[in-house]
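Residue numbers (this note's numbering), protein chains in the order written: chain D, 7 to 120; chain H, 176 to 393.
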């Protein structure tokens with residue numbers, strides 16, 4: 007029955023755990039669909055761009071971490087894997103921040119060619 | 176029961192294949208981080224449009240088709256869901272269920288790639304090439320790199336699907352192989368979640384997008 011359980015008791019525990027995760031996956035998939043729908047509707051609402059930008063940013067971060075934690079099993083897995091991934095993510099964010107700081111001026115085209 | 180409790184003994188207690196995949200994903204995070212940063216910075220620095228083959232000046236804000244991109248985003252999210260079910264099925268030793276779910280993932284992946292080919296063709300016909308504007312260069316490189324990742328993922332899953340018929344994709348090793356492929360697929364999905372927001376959706380904020388109306392090139 008189980009792919010790699012050692013005993014019938016462990017088999018049953020594994021099956022119960024996988025069944026619990028199965029329900030989590032379905033709930034999460036529904037939430038992801040709803041959030042994507044909200045994002046698409048939100049861009050057509052007459053709100054200030056900065057409000058929408060903030061909202062879209064938060065929603066995409068929620069989707070991002072929902073997939074990472076549940077679909078990629080990081081919430082169930084060893085903490086070392088979480089820290090490995092967070093290290094990569096932190097370096098990517100640091101690169102972005104450094105580039106934004108380096109190129110903090112606007113519109114090269116109008117500055118130099120306008 | 177944690178995923179790594181039944182793993183073969185390793186110095187970290189984590190399967191080597193899984194550890195290597197997570198290291199790869201962390202490095203790929205940095206790779207996509209630089210591509211996305213480059214696109215956003217150049218989008219800010221060069222908000223102008225591009226000149227098509229007929230010499231008409233075009234604005235980037237009018238280029239995107241939000242319905243198509245939303246559809247492909249939804250498809251990719253649902254493929255991630257099916258992938259999670261496929262991994263779960265393999266952990267339970269249900270190979271038939273794994274095959275059904277992985278076929279769904281492959282189909283959704285192919286639909287996503289079809290949407291991307293259609294979008295690229297559409298942009299190409301409107302005159303946006305990789306050479307004629309800064310936006311074209313960063314956009315095609317970013318989304319093209321992501322599309323290549325999706326194509327590699329589809330190929331990997333097709334191989335796993337056929338491999339499952341040989342009888343060698345079973346036990347802990349088989350479940351681990353599927354889980355590692357699943358990690359890669361989910362990563363492709365989370366990268367798209369970010370691209371969808373920062374490349375596509377932000378173009379619709381305000382009457383002229385957050386980058387301004389843009390200026391004619393000449």
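Where is the CB? At the ideal position from N, CA and C, for every residue including glycine.
- For residue 227 of chain H, the closest Cβ of chain D is not nearer than 7 Å.
- Short of 8 Å from the beta carbon of residue 80 of chain D, and not among the five residues preceding or following it, lie these beta carbons of its own chain, in chain order: 74, 87, 88, 91.
- Counting every other CB atom within 10 Å of its CB across the protein chains shown gives residue 359 of chain H a total of 16 or more, marking it as buried.
- The beta carbon of residue 375 of chain H sits no closer than 7 Å to any beta carbon of chain D.
- DSSP assignment within the segment 16-76 of chain D yields the following whole alpha helix (DSSP H) runs of 4 residues or more, N-terminal first: 55-72.
- DSSP places residue 275 of chain H in the helix class (H, G or I) of the three-state scheme.
- Rounded to the nearest angstrom, the gap between the Cα atoms of residue 105 of chain D and residue 232 of chain H is 29 Å.
- Of the candidates D:99, D:78, D:55, D:78 places its Cα closest to the Cα of residue 193 of chain H.
- Taking a contact as a CB-CB distance under 8 Å, the pair residue 351 of chain H and residue 190 of chain H counts as one, their CB atoms being some 6 Å apart.
- Residue 85 of chain D carries a helical assignment under DSSP once its states are collapsed to helix, strand and coil.
- Taking a C-beta cut-off of 9 Å against chain D, the contacting residues of the segment 200-216 of chain H are 200, 201, 202, 203, 204, 205, 206, 207, 208, 209, 211, 212, 213, 215, 216, listed in chain order.
- With a beta-carbon spacing of about 7 Å, residue 270 of chain H and residue 345 of chain H fall inside the 8 Å limit used to define contacts.
- The Cβ of residue 240 of chain H sits no closer than 7 Å to any Cβ of chain D.
- Against chain H, a Cβ distance below 8 Å from residue 94 of chain D picks out 200, 201, 202, 203, 204, 205.
- Residue contact check for residue 379 of chain H against chain D: a CB pair falls below 7 Å.
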